[in-house]
Each structure stands twice: as C-alpha cells, then as structure tokens.
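Presented below is the structure to which this report refers.
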Amino acid sequence: QTSQPWKDFDRSKVYTADLESALHYMLRVELATHSTLQGEELKVFRDFVTLVSKLYPGGDPVVKLMETLSDWLLSLPLQQIPYQAVLDLVNNKMRISGVFLGAELRWVGCQGSRPGLRGYPCSLWTLFHVLTVQHDATPTSLDNTEGEAAPVLQVMRRYIRTFFGCEECGRHFETAAASSLEQVKNRDQQILWLWNQHNRVNTRLSGALSDDPLFPKAPWPSPALCPSCHEEKNGVHLWNQNQVLGFLRHHYGASNLSPRYSL
Ligand code: FAD
Numbered sequence: 277q278t279s280q281p282w283k284d285f286d287r288s289k290v291y292t293a294d295l296e297s298a299l300h301y302m303l304r305v306e307l308a309t310h311s312t313l314q315g316e317e318l319k320v321f322r323d324f325v326t327l328v329s330k331l332y333p334g335g336d337p338v339v340k341l342m343e344t345l346s347d348w349l350l351s352l353p354l355q356q357i358p359y360q361a362v363l364d365l366v367n368n369k370m371r372i373s374g375v376f377l378g379a380e381l382r383w384v385g386c387q388g389s390r391p392g393l394r395g396y397p398c399s400l401w402t403l404f405h406v407l408t409v410q411h412d413a414t415p416t417s418l419d420n421t422e423g424e425a426a427p428v429l430q431v432m433r434r435y436i437r438t439f440f441g442c443e444e445c446g447r448h449f450e451t452a453a454a455s456s457l458e459q460v461k462n463r464d465q466q467i468l469w470l471w472n473q474h475n476r477v478n479t480r481l482s483g484a485l486s487d488d489p490l491f492p493k494a495p496w497p498s499p500a501l502c503p504s505c506h507e508e509k510n511g512v513h514l515w516n517q518n519q520v521l522g523f524l525r526h527h528y529g530a531s532n533l534s535p536r537y538s539l
C-alpha cells in the first residue's frame, strides 16, 4: 500500500470507491495466492461472486462484471479453475466495458493515516454490511437461497474462512459464527448480528497496535452519529436495537453511497 494524497471524506457516508477497492483487492491480490481454485474453494468463490452480482448496489460496471463472472463460473463443468483464467476474464471484460477496477486501490472512508493501516479489512466489513442491508431492501434477488435465514452471513463466513489473509481474524470469526449464527432467523437479525459481531471485534482490538490513531476502535455508531441508538438505564449503557437497525439501514443503504472518488 503506497501513500496517496489524503482524500476528504464524510464519516456519515459510505464510498463506492472503498467497495470497488475491496473487490479489486479480492480478485487481484487475495485470490492470486491460490493458483488453482477447486472443490470447496471454487464453490465458495462462486457463491461469493453470485451474491455480489445480485446485491451490489453501487452501479453498472461492477454488477456487469460480477454477473459475467458468475455466469461463467456457473456454466463451467470443470472441477478446478486456474486463477489465471479468472484474471483473464476480469481483464477481458474490463477491456470491453471500459474501466472498472483501476490499477490502484483507492481507499476513502477506509483510508489509513499511514500505509498499512485500515484499507482492505475495513472495506471488507463495509462491503458485507452493505450486502446485509441490500438483502433486506431487495429480498427477492436471492430467490435460490429461500429458506436459508442468513445467506449473506453464510457466504461471508465461508469466504473469510477460505480466503481472508488474516488467519487469526478468520479463526475468531468462525468461532463467533459457529456459536451464534444459527440464532439468526430473518433479515433484520442478519443485519444486527453483523453489527454486533463487528462491535465485539472493535472492543477486543481497542488500543491494539493495529489501531489507527485517527480512527480509534470504539462501539459504533457513536452518539454523535446516532444519538437515539444510545440509552442509559440505572447508569448502564444500552443499545436501542430498533434505532440501531434503522440507522444501519440508512447508513449502509443504497441512497447513502457516495460515488465521490469512484472510478
Ligand atoms: P473497521 O473495524 O474495519 O471498521 C470499518 C468501518 O465500519 C468503520 O470506520 C465504521 O465506519 C464502520 N463500523 C465500525 N464498527 C461497526 C459496527 N459495529 N457495525 C457497522 N459498521 C461499523 N483484526 C485483528 O487484529 N484481529 C481480529 O480478530 C480481526 N478480526 C476480523 C474479522 C473480520 C471478519 C474482519 C473483516 C476484520 C477483522 N479484523 C481483525 C480487522 C479489524 O476488524 C479492522 O478491520 C482493522 O483493524 C481496520 O480497522 P478500521 O479502523 O478501519 O475499522
């Protein structure tokens, strides 16, 4: 990660540039460490691409690319695919449809105050929060997973377990998913489960060396971002979960996505 000029941004917005950079990083960096995709890996990758192609709210070129990739992966009778074939398709599609994934990562809401901080993991959380909210907003777009209460979280869990470069993160996330994901019964709970899990990670990491001093880990959303999310009873802090849910729907909803700095 090289340093880039600081980009002004608004913490109450979500930036499509971060979501695009997340996909760029996944397809060109994270996946590249697997020279061949086969068996469970191939299935996890296919499910992830299909999920993004159905739920990604950020606009046409990204969705088109993910749809093409998804159709291609679903049509292949092969049990294994060289990573290079995925990359060729991504590059080819880009040539045909114009620019999609640029040559550089552009973190905006996920900028770090120095290289090596924030960036990809921040954008991965952001992407999955957006997808849980989008699944709620457009429920029919995942018809083939009817009956599964938390399809976005299931795909996320398998993606993290299989591909996420931070193995310690993967282990923690898997433990959390194994212990409580089955309690998620509907789309609202899916949104809230991820929020709650993310806050648990924030609490665990608060004050760690990996913390960006400009973005200290803290329970989120802050009282400044969402005053009505916070309540107090007998001196004890409580979340108002209805307000939190409404806030998450707004914050990670399609109308709060900013195309600024996007490709
Ligand atoms: P992040 O925590 O990445 O948050 C990104 C943005 O999301 C914030 O800026 C804020 O706008 C918003 N946000 C914050 N909290 C919430 C919330 N509760 N709900 C919704 N939105 C929120 N690092 C480790 O060192 N150990 C781990 O075990 C670990 N586990 C991880 C597990 C997963 C699944 C992922 C994706 C990452 C994990 N990481 C872990 C990385 C870590 O959580 C941060 O992503 C990283 O330190 C960068 O932090 P950040 O300041 O950009 O904020």
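Quick note, UniProt numbering runs 276 ahead of the 1-based positions in the sequence shown.
Where a beta carbon is used, it is the ideal one built from N, C-alpha and C, also for glycine.
- Query: At what residues does the alpha helix (DSSP H) containing histidine 310 begin and finish?
  - Reply: The residue given as residue 310 occupies position 34 in the sequence shown. Unbroken run through histidine 310: none, as it is neither H nor E.
- Look up tyrosine 537 in the DSSP assignment and say whether it is helix, strand or coil. If you number the sequence shown from 1, residue 537 lands on position 261. If DSSP states are grouped into helix, strand and coil, tyrosine 537 belongs with coil.
- Message: I need the straight-line Cα distance from proline 415 to valine 305, nearest angstrom please.
- Response: Position 139 of the sequence shown, counted from the first residue, corresponds to residue 415. Position 29 of the sequence shown, counted from the first residue, corresponds to residue 305. Proline 415 and valine 305 have their alpha carbons spaced roughly 31 Å apart.
- Item | Pair within 8 Å by beta-carbon distance, tryptophan 401 and histidine 448 | The count along the sequence shown starts at 1 and reaches residue 401 at position 125. The count along the sequence shown starts at 1 and reaches residue 448 at position 172. It is not a contact, given that the beta carbons lie outside the stated cut-off.
- Evaluate threonine 509 with the Cβ neighbour count: other Cβ atoms within 10 Å of its Cβ, from every protein chain shown; 16 or more gives buried, anything less gives exposed. One-based indexing of the sequence shown puts residue 509 at position 233. According to the sequence shown, residue 509 is lysine rather than threonine. Label assigned to lysine 509: exposed.
- Going along the chain, which residues of its own chain have a beta-carbon closer than 8 Å to the beta-carbon of lysine 461, five neighbours each way excluded? The residue labelled residue 461 in the question sits at position 185 within the sequence shown. Answer for lysine 461: Ala425, listed in chain order.
- Find out if the Cβ-Cβ distance for the pair threonine 451, glutamate 316 is shorter than 8 Å. Counting from 1 along the sequence shown, the entry for residue 451 is found at position 175. Counting from 1 along the sequence shown, the entry for residue 316 is found at position 40. With contacts defined as CB atoms closer than 8 Å, threonine 451 and glutamate 316 fail to qualify as a contacting pair.
- According to the neighbour-count rule (16 or more other Cβ atoms, all chains shown, within 10 Å of its Cβ), is alanine 453 buried or exposed? As a working mapping, residue 453 is identified with position 177 in the sequence shown. It is buried - the Cβ of alanine 453 has at least 16 other Cβ atoms within 10 Å.
- Query: Got a sec? Which residues, its chain only, sit under 8 Å from threonine 312 by beta carbon, not counting five neighbours each side?
  - Reply: Locating residue 312 in the sequence shown gives position 36, counting from the first residue. Taken in chain order, the residues that qualify are Gln356, Ile357, Pro358, Tyr359.
- Touch check for the stretch 482 to 495 and the stretch 378 to 393: three-plus C-beta pairs under 8 Å? At 8 Å Cβ cutoff, the stretches touch.
- Query: Mind checking alanine 298: buried by the 16 CB within 10 Å criterion, or exposed?
  - Reply: Locating residue 298 in the sequence shown gives position 22, where the first residue counts as 1. Buried, since its Cβ has 16 or more Cβ neighbours within 10 Å.
- Alpha-carbon to alpha-carbon, cysteine 445 and valine 375: Residue mapping note: residue 375 aligns to position 99 of the sequence shown, counting from 1. Residue mapping note: residue 445 aligns to position 169 of the sequence shown, counting from 1. At valine 375 the pLDDT is 48, less than 50, meaning the model places this residue with poor confidence and gives no usable figure here.
- Query: If you measure from the CB of residue 594, is any heavy atom of the ligand FAD nearer than 7 Å?
  - Reply: Since the first and last residues shown for the chain are 277 and 539, residue 594 lies out of range.
- Under 8 Å by Cβ, that's how I've got valine 320 and tyrosine 435 pegged, so tell me the actual separation to the nearest angstrom. As a working note, residue 320 is residue 44 in the sequence shown. As a working note, residue 435 is residue 159 in the sequence shown. Contact holds; Cβ gap of about 6 Å.
- Query: What's the gap between the Cα of methionine 432 and the Cα of histidine 526?
  - Reply: The sequence position of residue 432 within the sequence shown is 156, counting from 1. The sequence position of residue 526 within the sequence shown is 250, counting from 1. Cα to Cα, methionine 432 sits roughly 21 Å from histidine 526.
- Just the Cα atoms here: how many angstroms apart are tryptophan 428 and methionine 302? Numbered from 1 along the sequence shown, position 152 holds the residue referred to as residue 428. Numbered from 1 along the sequence shown, position 26 holds the residue referred to as residue 302. Looking at the sequence shown, residue 428 is not tryptophan but valine. Going by the C-alpha atoms only, they are around 17 Å apart.
- Query: What do you reckon, is the C-beta of tryptophan 496 under 7 Å from a heavy atom of the ligand FAD?
  - Reply: Residue 496 sits at position 220 when you count from the first residue of the sequence shown. Answer for tryptophan 496: yes, Cβ within range of the ligand FAD.
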